[in-house]
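Have a look at the structure below, then the notes.
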Amino acid sequence: MREVIERDFSNLKNDIRMTEKLDLDKVRTELAKVEREFLLQKKTDEETLNSLHIANEKLEKRILQYSTPHPPLSCSSSPPVVAVAFSGTFCLVLARVAAFF
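Numbering (full-length UniProt numbering), first residue to last: 1 to 101.
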């Protein structure tokens, strides 16, 4: 009787070990999947950040370009045209930046 109980106990321990091993394999697989997704998202975020950085540099260059005094083509209409063009560009850049957040 004792041998039967020991054998059953041994079989039960082996079953538990196999179940634990299968569970551990599932956890490792899920962890690898989550890590891949995280790295992919990180790469996407870095690309987005890089494009925002480039857009910011372009905007800064345009701001500096419009802030330097230029001789107006016609004294009465040039400043409003520049102001409208600048504010329109600024609104477009803000809309693009806001789309990422």
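Cβ atoms here follow ideal geometry from the backbone N, Cα and C, with glycine treated the same way. What you are looking at is a predicted structure, and each value in this text was computed from that prediction instead of being measured.
Throw me the rounded Cβ distance for the residue i and residue j pair, which I believe falls under 8 Å.
i	j	result
Ala55	Arg96	7 Å
Measure the alpha-carbon distance for residue i versus residue j and round it to whole angstroms.
i	j	result
Thr48	Arg62	21 Å
Asp45	Ser51	10 Å
Leu22	Lys33	17 Å
Arg7	Glu20	20 Å
Lys43	Glu35	12 Å
Ser67	Glu60	10 Å
Asp25	Lys13	18 Å
Got a sec? Which residues, its chain only, sit under 8 Å from residue i by beta carbon, not counting five neighbours each side?
i	result
Ile5	none
Under 7 Å Cβ to Cβ from residue i, same chain only, skipping five residues before and after it: list those, please.
i	result
Leu94	none
Grab me the residues of residue i's own chain with a C-beta within less than 6 Å of its C-beta, minus the 5 sequence neighbours each way, in chain order.
i	result
Lys58	none
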